[in-house]
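Working notes, beginning with the structure itself.
Residue numbers (the numbering used here), protein chains in the order written: chain U, 1 to 355; chain Y, 356 to 787.
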């Protein structure tokens, strides 16, 4: 009802996007020759889906993913898409108890990112008339009518986009298992955010998180917008405090993969009262700064790529026990299309050198 | 014209999960070709070698059967197939044509050939290496893709040494495929198995010479049905890995390990001969450097190549994987097919060792080996082999492998048991 002006024609074109890069060299022997079946032609080691270190910089938003200091492979994956005035980011953390978790994470992140890229244009089209309609409605009614309605339209569209991306991610994770049944099929978490000029919408399955860090001067406190799909996370949300080291406290109760049944992302929205940053991240980051206030303290000011790099560096300096992936998305998104680097700059390195 | 490559496919059966520290990866590869020659049959050539030693006349029915069988084989040839007939004695002579050449099958040449075969007389000795050498010279003049020979003998290869036979066989390796058959009571299973394994054909003994024409027709038909003349099993292994063995395990056990032709540092070709519409199983065992928990390795990339060497195109491919895990339930499972064929290979070895010990007078070893063979045949449901073994031993308890050697055994029964020892059966569907 609000997108009449644009919906009649062809679908808006895909917006620029980028995902974690595959390694260019074998992480075991350094061989550059990787067979089409994904195995090193020299030593036979399977090429992991994601490089040890990846950076995606779309200008307006950016992400960095790193293997960390202790892990053999980078089983995290990220994806980013940016249109004018609307951005989306996703982080997937392969479940290490499953087989080929890296493939599940990349499969889910890439599928979700492609879904975002295909739909952000339409979301931008929803936003524009909604904003103007809302303004005129509110003016006409002297500001007393339902002022939340235009925002509601955008929120609904954002949530719908998140759910579509979540469904695509589940399909991508399932594809990672291949045609045959395998024990412990590839599994991954999913955390994503869609940022518009009015709202932040988040969706998640598992224990990857989205944080809101308001800029100095913006009312409100730093907050975690997601609730971990773990025993501890669900009990904490219900007001029961569980020691972090309790047995099974961190066990996932929801994930994506062929053996998952409850795969629709939980969602939440926030309409901030001023500018700030949205941080989508894997537990490799927040294990060192779980409290929103702690995270705000270690997140420097700067361009999104600088912030993402600084947060990854922080996690590595703190021990880098796990893969760490951080996507940084300013609120509100830059409405200027020229802020978006089209033809995303994606850097992946195959070197597995620990930092 | 070449047959549709999609008509060949490979299937891998293995447990890719290994416990920490494990360094051996076993897999059974089933290769199935649905490419019958049909209208696209490649050019073919066939040479028949008939034993014409003096013993073929005692009884005379052997020579008569050999002539009839050769005539049937000639009649079974497709028009246009090149062929020749060779008489084998202590040396080899051309029967048809008279000169050492191949002739193109036609109603005319078939009639000529049958006439020449009818005039054969049994007189002289046996040196099958010389027969094969002449066949090899004949095939060398042909550009046929499918090169097939039939060798018939009724006696021991007594006019050459085993070394001479081995040497002459080696010169023929990879040049043509040879099926060999023994008739009468005096042929030697060891010799026929050596010919079969070197030249990638079949070996068998016939219990009744009247079966010979049908056997010759079947072998010729099978050769006419081949759509690939010279196929290699190509095995890529990663740096640091060793190929422990490569064996054909169905329809018979043929150890190909030593037959590797180097293609590159990591790739070797193993010969499999000619292929029609058929299915065979191969057991591949690769030693690998143990990986860390959760690591995944390509232990072998197995493909079928049309020919030998780097330029031979790949027809189909499959992957043999290794994944190290601390999940003992996963890592301790043995794939049923791998276990089955490990048993079938042991069965073949037990029969051969047992019969050799019996021949050498080592009755204790013979009893123990043949008892184990009876047990393995019973366990795997290999009824044909169980029946053959029962001609050589009295079975007291098949389940425990308790047997007594028979006092009197027709010599041909032991040879037939030996020549057929390499034949294997597949797992029944429900078990696989």
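All residues carry an ideal CB built from backbone N, CA and C; glycine is no exception.
Report task. Tell whether a beta-carbon distance below 8 Å holds between residue 552 of chain Y and residue 609 of chain Y. Result -> yes
**Report entry** Ordered list of beta strand (DSSP E) runs contained in the region 643 to 673 of chain Y, each at least 3 residues
**Finding:** 651 to 661
Query raised in the report: Less than 8 Å separating the beta-carbons of residue 727 of chain Y and residue 782 of chain Y?
Result: no
Requested in this report: Could you check what DSSP says for residue 371 of chain Y in three-state terms: helix, strand or coil?
Outcome: coil
Requested in this report: Express the C-alpha separation of residue 253 of chain U and residue 371 of chain U in angstroms, rounding to a whole number.
Outcome: The shown model of chain U, from 1 to 355, leaves out residue 371 of chain U, and the question about it has no answer.
**Report entry** Residues in the region 37 to 70 of chain U having any Cβ partner in chain Y nearer than 7 Å
**Finding:** 37, 39, 42, 43, 44, 45 and 46
Requested in this report: Look at the alpha carbon of residue 290 of chain U and the alpha carbon of residue 81 of chain U, and state the distance between them as a whole number of angstroms.
Outcome: 26 Å
Query - Beta-bridge partners of residue 451 of chain Y, as assigned by DSSP - result: Y/440
Report task. Check residue 695 of chain Y in the structure and name its three-state DSSP category. Result -> helix
Query raised in the report: Are there 16 or more other CB atoms within 10 angstroms of the CB of residue 751 of chain Y, so buried, or fewer, so exposed?
Result: exposed
**Report entry** Three-way DSSP call (helix, strand, coil) for residue 310 of chain Y in this model
**Finding:** Since the first residue of chain Y shown is 356 and the last is 787, residue 310 of chain Y is not available in this structure.
**Report entry** Pair within 8 Å by beta-carbon distance, residue 444 of chain Y and residue 408 of chain Y
**Finding:** yes
Report task. In the DSSP assignment, find the unbroken alpha helix (DSSP H) run with residue 472 of chain Y in it and report its ends. Result -> 462 to 473
Requested in this report: Measure the C-alpha to C-alpha separation of residue 406 of chain Y and residue 538 of chain Y and round it to an integer number of angstroms.
Outcome: 10 Å
Query - Bridge-paired residues (DSSP) for residue 479 of chain Y - result: None, per the DSSP bridge assignment.
Query raised in the report: Residues in its own chain within less than 6 Å of residue 376 of chain Y by CB, not counting five upstream and five downstream?
Result: 645
Query - Residue environment, residue 695 of chain Y, which counts as buried when at least 16 other CB atoms sit within 10 Å - result: buried
Query - Test: residue 594 of chain Y CB closer than 8 Å to a CB of chain U - result: yes
Report task. Classify residue 775 of chain Y as helix, strand or coil using the three-state DSSP reduction. Result -> coil
Query - Nearest to residue 561 of chain Y (by Cα), restricted to the options Y/542, Y/493 and Y/655 - result: Y/542
Report task. Consider the Cβ of residue 623 of chain Y: report whether some Cβ of chain U lies at a distance smaller than 8 Å. Result -> no
Query - Residue burial classification, residue 771 of chain Y (beta-carbon count within 10 angstroms, cutoff 16) - result: buried
Requested in this report: Under 8 Å by Cβ, that's how I've got residue 746 of chain Y and residue 764 of chain Y pegged, so tell me the actual separation to the nearest angstrom.
Outcome: 7 Å
**Report entry** Proximity to residue 90 of chain U [Cα-Cα], best of U/123, U/230, U/265 and U/14
**Finding:** U/265
Query raised in the report: So which residues of chain Y does residue 72 of chain U contact, with C-beta pairs closer than 8 Å?
Result: 647, 649 and 650
Query raised in the report: Taking Cβ to Cβ, would you say residue 19 of chain U is nearer than 8 Å to residue 85 of chain U?
Result: no
Query raised in the report: If you pair each beta-carbon of the region 173 to 185 of chain U with each one of the region 33 to 44 of chain U, do three or more pairs fall below 8 Å?
Result: no
Report task. Leaving aside the five residues before and after residue 103 of chain U along the sequence, list all residues of the same chain whose C-beta is less than 6 Å from its C-beta, in chain order. Result -> 49, 176 and 186
Query raised in the report: Quick one: what does DSSP say residue 337 of chain U is sitting in, helix, strand or coil?
Result: helix
Requested in this report: May I ask which residues mark the beginning and end of the beta strand (DSSP E) holding residue 270 of chain U?
Outcome: 266 to 270
Report task. Just the chain Y side, please: which residues come within less than 9 Å of residue 22 of chain U by C-beta, in chain order? Result -> Result: empty, since nearest Cβ-Cβ is about 15 Å, beyond 9 Å.
Report task. Report the residue from Y/635, Y/621 and Y/647 whose alpha carbon sits nearest the alpha carbon of residue 656 of chain Y. Result -> Y/621
Query raised in the report: With 8 Å set as the bound, which would you pick, yes or no: does the beta-carbon of residue 185 of chain U sit closer than that to a beta-carbon of chain Y?
Result: no
Report task. Check residue 724 of chain Y in the structure and name its three-state DSSP category. Result -> helix
**Report entry** Residues near residue 385 of chain Y in its chain [Cβ-Cβ closer than 6 Å; skip 5 each side]
**Finding:** 366 and 636
Report task. Would you mind giving the Cβ-Cβ distance between residue 532 of chain Y and residue 502 of chain Y, rounded to the nearest angstrom? I have them listed as a contact below 8 Å. Result -> 7 Å
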